[in-house]
Amino acid sequence: MERNQSRRQLAVMRQSLFDQGYLDEQFIQLEELQDDANPNFVEEVVTLYYRDSARLVTSIEQALRDRSPLDFNKLDSYMHQFKGSSSSIGAKKVKAESTQFREYCRAGNGEGCLRTFQQLKKEYTTLKKKLEAYFQLARQAGPNEIACRPK
Amino acid sequence: MMENGFSSPRNDTFPAGLRVLVVDDDPTWLKILEKMLKKCSYEVTTCGLARDALCLLREKKDGYDIVISDVNMPDMDGFKLLEHVGLEMDLPVIMMSVDGETSRVMKGVQHGACDYLLKPIRMKELRNIWQHVFRKRIHEVRDIESLEGFESIQIPRYGSDQSDDGYLFTGEDPSMRKRKDCEGKYDERDCGDPSSSKKARVVWSVDLHQKFVQAVNQIGFDKVGPKRILDLMNVPWLTRENVASHLQKYRLYLSRLQKDDNELTTSAGGIKHTDSSKDSAGGFGLQNSMNIHHNDVSTGSYGFSGSKSFVQNLNPKSLDCEKKGIVSEPITEPKRALIVDIPNPCKVRSSQIGFESSFASLGGSQVDFTAFGSTTIPTRYSWSDVPEVLFRHESKSTELEDGFSQLPPSRSQHHIQADHIKPVPSISSSSSAADRSNHANHATSTESAIDPLPVQTKNHISITNHQAFDPLSTTALSMKSQGFNLSCISDLESTQRNISSGIETLLPSLDEDLKFCWLQGDYLAMNLGLQDFPEYYDPGIVSEVPIHLYDALRHDYDNPCDPTEYPLIEQGLFIV
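Going down the list, the sequences are from chains A and B. Residues 200 to 350 (our numbering) are what the first sequence spells out, left to right. Residues 368 to 943 (our numbering) are what the second sequence spells out, left to right.
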């Protein structure tokens, strides 16, 4: 009973991540890749993403701090990597911010870059928290729940 | 050999076991791609640095079937890696990026990527990548065969039944159709017995490639030929074909770097490998397509898909009888179209060497040059202007009134058709001259033909021939062509001059020039004449021609390789 409840809760939580635009279909792709050989594949990928992208966020922060003048090429290059990485887990909102950021880079709009980056970090962190909560609940609900696609 | 990976024993399971090397600096993607590829039953090796990937590839030669690489990597540009892999390992490379800008994708393709995937990459896209490996394998078989064809001077023929029904009338691009046919053929062969037609592949190590590049540099771009490179490289086990093949790739590679020529491609891949000669007796006289072939662009060779030249003998009597063409094809019926298919892979290669950029201006719509290095390569050569091969017949001493309809496979689709009922004096002279020189193939054209057409083609042609012999010198064919070319050179020069002037003015004075050339007995002149048909672009004319005119001339030309019997013919082929 309790297990069923957590399953339902998990499904709702997962669906809300899509409904609220945090995730896109790529996340479903990851879920489909999860199998007996890699029962925690999605979580592993997400963990890897956050570990690796943190380095990029730091680099971008650094580059934005050294303003005078901003090296837009460098920023764009970093953000290109970050965007590519974010696309791997289907981090939809983060990816959208990355795209916006790169547009500002091309336009040479430093203010836009700064503003967008703040927004990006916010989405990035929010998603992280949501996913962490989701995976934790998934572990409680049982090993098969993640792969199951309620709809 | 590539087949080590998935051939014989595992052939039936292909593409399972395809060995894929994935290169991406993003560990997350690396993990995902690895999983995806494994789910496709591929063998996956992942690599976070382009440099490491190169090391892996160099260490384990033939250890991979295909490479998937990210475009942006910190240690090495993905395009750079792509070039290395393409040159050294000759593996298909798929580029991937989150960036889908056209310019980026184009750059990838120009550098030789066989595909360009956008992140996020889906399983279904990866499931299909084996096709690139498979395609490459087909092309390799094709390459080798074209090389072999070159050496043995094979002249593939098309089925005779195709000859008359004429692409002319349908308006269909013949090269397309043939290409399809050919590919079907290769597919079958490849599937049926993949190993039989395949030779050991040379792996071009860094050292080997460097030797190669040194040799090329030493010789100079304009003059390189496989033989000379081979001599300079001094690698005992290397064969001339190995070098020729690599040279092709190298040229292609260089040409890619110069992207100014966006036209690369399209028509460059005319493929003519036809071995089916249904009609041995008339084998030679089939459909007139002059296909000088080549290899697909993707495999690094250029294809000249020749246009089809239609030679029609409308008025046999108009020509002088003096001709003593060595190749005498008795024309039983005056009205026939001579059709000659000349797939000649070698030729293409050689011709690439010789083109100077200066000729690019001449090319106009018909000739596209892809510049590589200092030398320009004509990627697309529409042979609409190609003089056709006329076969003279001693016995009949027939004068060929020749209508040429040429269907270039190129996009422009020119139909050249010359119907000349009236014998032109100049023609006769030219033909006689040709005969004197014992060239079986002459395109004779009428005066009327002379004016409107751009003469450029001839120039190209003549030039091509002229320089073509250098690389080809080892083969019998080439030798002959060489001799021929040499004899024509002096004439060519004058012709070219005339031509160029004619082009600018649209040939007001062309007639005279042409005549002059013809009097000289220059083949080029003949070529020129052919090209000058006013109706060149007019498809309507083609249709007007009675079908019976197109009857193919049947030639007993079973053995094109036999120099003694048909020396002229061979030369003629090369002329084209």
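Cβ coordinates follow ideal geometry from the N, Cα and C atoms, glycine included.
Exercise. Tell me, to the nearest whole angstrom, how far the beta carbon of B/S464 is from that of B/L485; I am working on the premise that it is less than 8 Å.
Key: Confirmed, Cβ separation roughly 7 Å.
Practice problem: Tell me, please, whether the CB atom of A/V211 is closer than 8 Å to any CB atom in chain B? | Solution: no
Quiz item: Would you say the segment 255-264 of chain A touches the segment 397-407 of chain B, given that touching needs at least three Cβ pairs under 8 Å?
Solution: Under the Cβ criterion (8 Å, minimum of three pairs), the segment 255-264 of chain A does not count as touching the segment 397-407 of chain B.
Self-check item: Inter-residue Cα distance where the pair is B/L599 and B/L388
Solution: 34 Å
Quiz item: If you draw a straight line from the alpha carbon of B/M443 to that of A/R207, how long is it in whole angstroms?
Solution: 48 Å
Quiz item: Taking 8 Å as the CB-CB cut-off, is A/A295 touching chain B?
Solution: Nearest CB-CB separation between A/A295 and chain B: not below the 8 Å threshold.
Quiz item: Considering only residues of the same chain and omitting the five flanking positions on each side of B/M383, which have a CB-CB separation below 6 Å?
Solution: Before going on, a small fix: residue 383 of chain B reads as Ala here, not Met. Once the five neighbours on either side are set aside, the close Cβ partners of B/A383 are S408.
Quiz item: What does DSSP give as the partner residues of B/C414 in its beta bridges?
Solution: B/V390
Quiz item: Beta-carbon separation of B/V580 and B/V591 under 8 Å?
Solution: no
Exercise. Would you mind telling me which residues of chain A sit closer than 8 Å to B/R489, beta carbon to beta carbon, in chain order?
Key: Residues of chain A whose Cβ lies closer than 8 Å to the Cβ of B/R489 are, in chain order, Q228.
Quiz prompt | For A/V211, the first and last residue of its enclosing alpha helix (DSSP H) | solution = 201-218
Quiz item: What in chain A is Cβ-close to B/K406, meaning under 7 Å?
Solution: L232
Quiz item: Among B/G479, B/T412, B/Y483, B/K405, which has the Cα closest to the Cα of B/E455?
Solution: The shortest Cα separation from B/E455 among B/G479, B/T412, B/Y483, B/K405 belongs to B/G479.
Quiz item: Out of curiosity, what's the CA-to-CA distance linking B/D419 and B/V573?
Solution: 15 Å
Quiz item: Under three-state DSSP, which class holds A/S284?
Solution: helix
Quiz item: To which residues of the same chain is A/S205 closer than 6 Å at the C-beta, ignoring the five residues directly before and after it?
Solution: Q339, A340
Exercise. Could you tell me if B/M403 is buried or exposed, where buried requires 16 or more neighbouring beta carbons within 10 angstroms of its beta carbon?
Key: buried
Quiz item: How many Å lie between B/M473 and B/G467 at the Cα?
Solution: Using only the alpha carbons, I get a separation of about 10 Å.
Quiz item: How would you label B/T380, buried or exposed, when you count the other beta carbons within 10 angstroms and need 16 or more for buried?
Solution: Per the 10 Å Cβ criterion, exposed.
Quiz item: Anyone know if the C-beta pair for A/D223 and A/K291 falls short of 8 Å?
Solution: yes
Quiz item: For A/Y303 versus A/T315, is the C-beta distance shorter than 8 Å?
Solution: In this structure, A/Y303 lies near A/T315, with their beta-carbon atoms less than 8 Å apart.
Quiz prompt | Where the segment 274-287 of chain A meets chain B: residues whose CB sits under 9 Å from a CB there | solution = S276, H279, Q280, K282, G283, S284, S285, S286, S287
Quiz item: Given B/G415, which residues of its chain have a CB within under 6 Å of its CB, disregarding the five upstream and five downstream residues?
Solution: D392
Quiz prompt | Nonlocal neighbours in the same chain, by C-beta distance under 8 Å from A/K282, ignoring five residues either side | solution = K294, S297, T298, R301
Exercise. Using a threshold of 8 Å, state whether the C-beta atoms of B/H506 and B/D482 are closer than that.
Key: no
Quiz item: Terminal residues of the continuous alpha helix (DSSP H) containing B/Y409?
Solution: Premise fails: B/Y409 is in no alpha helix (DSSP H) and is neither H nor E.
Quiz item: If you compare alpha carbons, which of B/L575, B/K503, B/Y617 is closest to B/N601?
Solution: Nearest option by C-alpha distance: B/L575.
Quiz item: chain A beta carbons: is any one of them nearer than 8 Å to that of B/I399?
Solution: yes
Practice problem: Closer than 8 Å, Cβ to Cβ, to anything on chain A: give me those residues from the segment 466-484 of chain B, in chain order. | Solution: D466
Quiz item: Anyone know if the C-beta pair for A/L263 and A/L336 falls short of 8 Å?
Solution: no
Quiz item: What is the residue span of the beta strand (DSSP E) that A/S258 lies within?
Solution: Annotation for A/S258: no beta strand (DSSP E) segment contains it, though the alpha helix (DSSP H) segment containing it runs 240-264.
Quiz item: Hey, does A/F240 have any beta-carbon neighbour from chain B nearer than 8 Å?
Solution: yes
Exercise. Tell me whether the beta-carbon of B/I435 lies closer than 8 Å to the beta-carbon of B/V476.
Key: no
Exercise. Measure from the C-beta of B/K447 to each C-beta in chain A and report whether the shortest distance is under 8 Å.
Key: no
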